[in-house]
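Asks:
Number of protein chains: 2
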Amino acid sequence: MTVPSGRRERKKAATRQKISDTALRLFLERGYDTVGIRDVAAEADVAVTTLFSHFASKEALVFERDEDFEQRLTQAVTGRAPHEPLIPALRREIRSLVRHCTADSAAPIWRMIDESPALRKYEESMRLRHAESLATAIAADPGLSPTTTASRTIARFVIDAHSLAREAADPDAALDEIFRMIEAAWEVTGPSGPA
Amino acid sequence: MTVPSGRRERKKAATRQKISDTALRLFLERGYDTVGIRDVAAEADVAVTTLFSHFASKEALVFERDEDFEQRLTQAVTGRAPHEPLIPALRREIRSLVRHCTADSAAPIWRMIDESPALRKYEESMRLRHAESLATAIAADPGLSPTTTASRTIARFVIDAHSLAREAADPDAALDEIFRMIEAAWEVTGPSGPA
DNA sequence: GACCGTAGCACTAACGGTTAGCTTTTTGAA
DNA sequence: TTCAAAAAGCTAACCGTTAGTGCTACGGTC
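Listed in order, the protein sequences are those of chains Y and A. Each residue of the first sequence is one higher than the last, beginning at 18 in our numbering. Each residue of the second sequence is one higher than the last, beginning at 18 in our numbering.
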């Protein structure tokens, strides 16, 4: 009972990591579509069912680290300095996230994602989830009093900003431009403006 | 060659319609997930391969009519009265589209969509396509001179407006609120404002 | 009216992601 | 040592989707 301390957790994490590493390597070597789940499982030396007990789908193998994304966004809202305005805090976080995924080391992965319809679809559905988490965080902020609609709308806009900036020729410039628009949209939601 | 006039077209359209009607009926009767492609094909009295020659995927059976959506949006931009500002024209069109899919007759279909992850995913990827068409239409407007980023951003925001308003408790009120935000975002994209 | 190209449809068989059902091994604790 | 549960395994399937192949009906042409 209680906490399954020690070895068990480590072994499980190791198995998960091995599967993830193997999958990403094979996908990049041979292409996402040409590598099958059975290939990944064989190369990682696990059963197919084991693979699916660690990852909900083939696409999830590629987006392994996306819980980070969601957490960092909500953290940027709930954990910002007292009296710091909402939008600049979000802008800073989004900028950091965009830089992270436009870095050279991440480029091959994102090229692979952009080329696979299945992966793009999956990313889209992730964005909806992220937007809803962010909306909840914004709505719960004690310093603000946005309507439900306003918080959900701003959350969507912010997620859009990430997606659009990531694809832009000049991500930093695009981000500035988009956040100017978001700032304007945010300001009309309350006569008192951001806290 | 030329146009395969007459009977052939009618027969093809009839087959397509029969498949679509049968599918929607079965989905609503028994649930999207519990009805298989083979069930639909059998009930419509066609082969599975025939079904897939008319519809690209199972989800496409549900969203049969959504070529309209894309066309109506771009039409709202390219076909609006001379000197009519962009955002109000879009707002009018989105309002009409939202009303159409919150109507009582469409309610069961949208409930089904909201309950099926596969259908939600599909809808999400459709939204991306719609946003890109709309962005292209906005960018091509002779009366405006938005940057690429601005037109893509506004397009996303408008698509978001549809999706958010559709789910809101009071769609009309939500739409007003969101479009106030979009209007503000649009105004900061050019010092001269909309044409 | 006979002829031919092609569009539409059918059928079988498979592929690839995913899951259910059940057994075996490993691990932590009594 | 013993036991319960977690983790991993195997088999066999389900389901959406596609390839390959052939048949039939239609439309245009001589």
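Virtual Cβ for every residue (Gly too), placed ideally from N, Cα, C. Model, not experiment: these values are computed from the prediction.
#1: Could you pull the start and end residues of the alpha helix (DSSP H) that R55 of chain Y belongs to?
#2: Between the alpha carbons of A185 of chain A and F44 of chain Y, how many angstroms are there, rounded?
#3: Would you check if there are 3 or more beta carbon pairs closer than 8 angstroms linking the stretch 181 to 197 of chain Y to the stretch 152 to 172 of chain Y?
#4: Alpha carbon to alpha carbon, how far is M18 of chain Y from R25 of chain Y?
#5: Please determine if the stretch 175 to 183 of chain Y and the stretch 151 to 163 of chain A are in contact, where contact requires at least 3 C-beta pairs separated by less than 8 angstroms.
#6: What first and last residue would you give for the alpha helix (DSSP H) that runs through P163 of chain A?
#7: Below 7 angstroms CB to CB, which residues in the same chain sit around R33 of chain Y once its five sequence neighbours on both sides are set aside?
#8: Can you give me, in chain order, the residues of the stretch 50 to 74 of chain Y that have a beta carbon less than 8 angstroms from any beta carbon in chain A?
#9: Starting from S142 of chain Y, find everything on chain A with Cβ-Cβ shorter than 9 angstroms and list it in chain order.
#10: Give a yes or no on whether the minimum CB-CB distance between M129 of chain Y and chain A is below 8 angstroms.
#11: How far does the alpha helix (DSSP H) with A154 of chain A in it extend, from its first residue to its last?
#12: Under the three-state reduction of DSSP, which class applies to V94 of chain Y: helix, strand or coil?
#13: For V205 of chain A, which residues in chain Y fall below 7 angstroms Cβ to Cβ?
#14: State yes or no: is the beta carbon of E87 of chain A nearer than 8 angstroms to at least one beta carbon in chain Y?
#15: Show which residues of chain Y have a CB atom less than 8 angstroms away from the CB atom of T153 of chain A.
#16: What's the gap between the Cα of T119 of chain A and the Cα of E76 of chain A?
#17: Thinking C-beta only, is L107 of chain Y closer than 8 angstroms to V175 of chain Y?
#18: Alpha carbon to alpha carbon, how far is L145 of chain Y from G23 of chain A?
#19: Going along the chain, which residues of its own chain have a beta-carbon closer than 6 angstroms to the beta-carbon of A148 of chain A, five neighbours each way excluded?
#20: What residue from Y:R128, Y:D189, Y:Y139 has the CA that sits closest to A73 of chain Y's CA?
#21: R112 of chain A to L90 of chain Y, Cα distance in whole Å?
#22: Need the endpoints of the alpha helix (DSSP H) that E110 of chain A sits in, please.
#23: Nearest chain A C-beta to D177 of chain Y closer than 8 angstroms, yes or no?
#24: Does any CB atom of chain Y fall closer than 8 angstroms to the CB of E76 of chain A?
#25: According to the Cβ coordinates, are L78 of chain Y and A124 of chain Y closer than 8 angstroms?
Replies: Taking the geometry as given:
#1: Position 38 of the first sequence, counted from the first residue, corresponds to residue 55 of chain Y. That run of the alpha helix (DSSP H) goes 54 to 61.
#2: For the purposes of this step, residue 185 of chain A is taken as residue 168 along the second sequence, with counting starting at 1. For the purposes of this step, residue 44 of chain Y is taken as residue 27 along the first sequence, with counting starting at 1. The alpha-carbon atoms of A185 of chain A and F44 of chain Y are separated by roughly 40 angstroms.
#3: no
#4: On the first sequence, residue 18 of chain Y is found 1 positions in, with the first residue counted as 1. On the first sequence, residue 25 of chain Y is found 8 positions in, with the first residue counted as 1. At M18 of chain Y the pLDDT is 49, less than 50, meaning the model places this residue with poor confidence; the figure from the coordinates comes in the next sentence. Rounded to the nearest angstrom, the two C-alpha atoms are 13 angstroms apart.
#5: no
#6: For this step, residue 163 of chain A is matched to residue 146 along the second sequence. Looking at the DSSP string, P163 of chain A is not in any alpha helix (DSSP H), and its letter there is neither H nor E.
#7: Translated into the one-based positions of the first sequence, residue 33 of chain Y becomes position 16. Within the same chain, R33 of chain Y has close Cβ partners H71.
#8: none
#9: As a working mapping, residue 142 of chain Y is identified with position 125 in the first sequence. In chain order: P134, R137, K138, E141, S142.
#10: Counting from one through the first sequence, the residue named residue 129 of chain Y turns up at place 112. With 8 angstroms as the cut-off, M129 of chain Y does not count as an interface residue toward chain A.
#11: By one-based count along the second sequence, residue 154 of chain A stands at place 137. Unbroken alpha helix (DSSP H) run through A154 of chain A: 134 to 156.
#12: Residue 94 of chain Y sits at position 77 when you count from the first residue of the first sequence. DSSP places V94 of chain Y in helix when its eight states are reduced to three.
#13: Taking the first residue of the second sequence as 1, we reach residue 205 of chain A at position 188. Result: R197, M198, A201.
#14: The residue given as residue 87 of chain A occupies position 70 in the second sequence. Not an interface residue.
#15: Taking the first residue of the second sequence as position 1, residue 153 of chain A is located at position 136. What T153 of chain A touches in chain Y: nothing, since even the nearest Cβ is about 14 angstroms away.
#16: Along the second sequence, read from residue 1 onward, the residue named residue 119 of chain A stands at position 102. Along the second sequence, read from residue 1 onward, the residue named residue 76 of chain A stands at position 59. For T119 of chain A and E76 of chain A, the distance between alpha carbons rounds to 20 angstroms.
#17: Your numbering for residue 175 of chain Y matches position 158 in the first sequence. Your numbering for residue 107 of chain Y matches position 90 in the first sequence. Yes, Cβ-Cβ distance for V175 of chain Y and L107 of chain Y is below 8 angstroms.
#18: Taking the first sequence and counting its residues from 1, one reaches residue 145 of chain Y at position 128. Taking the second sequence and counting its residues from 1, one reaches residue 23 of chain A at position 6. Cα to Cα, L145 of chain Y sits roughly 45 angstroms from G23 of chain A.
#19: If you number the second sequence from 1, residue 148 of chain A lands on position 131. Only A172, R173, I176 meet the Cβ criterion.
#20: Here residue 73 of chain Y is taken as the residue at index 56 of the first sequence, counted from 1. If we check each option's Cα against that of A73 of chain Y, Y:Y139 comes out closest.
#21: The residue given as residue 112 of chain A occupies position 95 in the second sequence. The residue given as residue 90 of chain Y occupies position 73 in the first sequence. If I take the Cα positions, the gap works out to 31 angstroms.
#22: The sequence position of residue 110 of chain A within the second sequence is 93, counting from 1. Its alpha helix (DSSP H) spans residues 103 to 119.
#23: Against the first sequence, residue 177 of chain Y aligns to sequence position 160. With 8 angstroms as the cut-off, D177 of chain Y counts as an interface residue toward chain A.
#24: Along the second sequence, one-based indexing puts residue 76 of chain A at 59. Not one chain Y Cβ lies under 8 angstroms of E76 of chain A.
#25: Locating residue 78 of chain Y in the first sequence gives position 61, counting from the first residue. Locating residue 124 of chain Y in the first sequence gives position 107, counting from the first residue. No; because the gap between Cβ atoms is not below 8 angstroms, this pair is not in contact.
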